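>
Protein chains in written order, with the working numbering: chain A, 517 to 630; chain B, 6 to 119.
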């Protein structure tokens, strides 16, 4: 497995502002992903964070709204831009190694937009 | 497209009892992985058990076991000797062999009663 940390663990933000969430893993991993979990709902994949290149976004998610960086094999950020109350969710990062199909999740960031 | 269906939104059982959570999925793929994840109130997603579709033998992890019926596209989770700490949301999940994207079901909220 891997030890994954996320910062911040929670935040309350005003609409129209942006928040950057950090994901740090304790060892080099091949794949990093960002998920959104809306209140009482399941997880939805936002994008795959690619090291050294642009993230790959899923249908319904765009780079202008959710810019992602991955400068190295252990760190990634997700920014939620121009927030609205509909962005209130838990945001989770997950990681996987090339030699393993298992994904491990960070503790999540609970975002509330007022 | 792949889909994962969990037909039991919520379940309650007494401590020490055995409980089975249902999951069905739809795919045209022949090679894939199936998972059960647990999300306690702390919101940390924990991988409980995994099954490779090419393996006929059902996976077992201590008190957790699965009943994998490939032809029926069914993947149920059995928790034996349930404990209070098993109280959580349980998500069934699917991943294609050729793809690192996990598709989650809507979840089953499990309450273990003292």
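For each residue, glycine too, the CB sits at the ideal point set by N, CA and C. Small disclaimer: the values here were computed from a predicted structure and weren't measured.
By the criterion of Cβ-Cβ separation under 9 Å, what are the contact partners of residue 105/B in chain A?
Here residue 105/B refers to the residue found at position 100 of the second chain. Simply 546, 547, 549, 564, 612, 617 and 619.
> Please report how far the alpha carbon of residue 554/A lies from the alpha carbon of residue 576/A, in whole angstroms.
Start at 1 with the first residue of the first chain, and residue 554/A comes out as number 38. Start at 1 with the first residue of the first chain, and residue 576/A comes out as number 60. When rounded, the distance between both Cα atoms is 14 Å.
> List the residues that DSSP assigns as beta-bridge partners of residue 573/A.
Position 57 of the first chain, counted from the first residue, corresponds to residue 573/A. Paired residues: 563/A.
> Is there a Cβ of chain B sitting closer than 8 Å to that of residue 624/A, yes or no?
By 1-based counting over the first chain, the position of residue 624/A is 108. Chain B contact via Cβ: present.
> Counting only runs that start and end within the segment 65-91 of chain B, where is the alpha helix (DSSP H) found for 4 or more residues in a row?
Runs of the alpha helix (DSSP H) inside the segment 65-91 of chain B: none found.
> Is the segment 534-542 of chain A close to the segment 6-17 of chain B, with three or more CB pairs under 8 Å?
No, the segment 534-542 of chain A does not touch the segment 6-17 of chain B.
> Using only the alpha-carbon positions, how far apart do residue 589/A and residue 567/A sit?
Residue numbering aside, residue 589/A sits at position 73 when the first chain is read from its first letter. Residue numbering aside, residue 567/A sits at position 51 when the first chain is read from its first letter. Rounded to the nearest angstrom, the two C-alpha atoms are 6 Å apart.
> What three-state label does DSSP hand residue 601/A in the structure shown?
Here residue 601/A refers to the residue found at position 85 of the first chain. Of the three classes helix, strand and coil, the one that applies to residue 601/A here is helix, per DSSP.
> Can you tell me whether residue 100/B is helix, strand or coil according to DSSP?
In the second chain, counting from the first residue as 1, residue 100/B sits at position 95. Note: residue 100/B maps to strand in three-state DSSP.
> Residue 526/A: beta carbon under 7 Å from a heavy atom of the ligand MG?
Among the components modelled here there is no ligand, and therefore nothing to report on the ligand MG.
> Taking DSSP's pairing of strands, which residues face residue 118/B in a bridge?
Along the second chain, one-based indexing puts residue 118/B at 113. Per DSSP, 19/B.
> Counting only Cβ pairs nearer than 7 Å, list the residues of chain B close to residue 608/A.
Taking the first residue of the first chain as position 1, residue 608/A is located at position 92. 50, listed in chain order.
> Rounded to the nearest angstrom, what separates residue 573/A and residue 44/B at their Cα positions?
Residue 573/A sits at position 57 when you count from the first residue of the first chain. Residue 44/B sits at position 39 when you count from the first residue of the second chain. Near 25 Å, if we compare the C-alpha coordinates of residue 44/B and residue 573/A.
> Out of curiosity, what's the CA-to-CA distance linking residue 71/B and residue 627/A?
For the purposes of this step, residue 71/B is identified with residue 66 of the second chain, where counting begins at 1. For the purposes of this step, residue 627/A is identified with residue 111 of the first chain, where counting begins at 1. Their backbone Cα atoms lie some 34 Å apart in a straight line.
> To which residues of the same chain is residue 550/A closer than 7 Å at the C-beta, ignoring the five residues directly before and after it?
Numbered from its first residue, the first chain carries residue 550/A at position 34. Answer for residue 550/A: 562, 563, 565, 584, 594, 607 and 609, listed in chain order.
> Does residue 561/A have its Cβ less than 8 Å from a Cβ in chain B?
One-based indexing of the first chain puts residue 561/A at position 45. Cβ-Cβ to chain B under 8 Å: yes for residue 561/A.
> If we call anything under 8 Å between Cβ atoms a contact, is residue 50/B one with residue 37/B?
Numbered from 1 along the second chain, position 45 holds the residue referred to as residue 50/B. Numbered from 1 along the second chain, position 32 holds the residue referred to as residue 37/B. Their beta carbons are not under 8 Å apart, which means residue 50/B does not touch residue 37/B by this criterion.
> Start and end of the beta strand (DSSP E) containing residue 521/A?
Taking the first chain and counting its residues from 1, the one referred to as residue 521/A is at position 5. Counting along the chain, the beta strand (DSSP E) containing residue 521/A begins and ends at 520-523.
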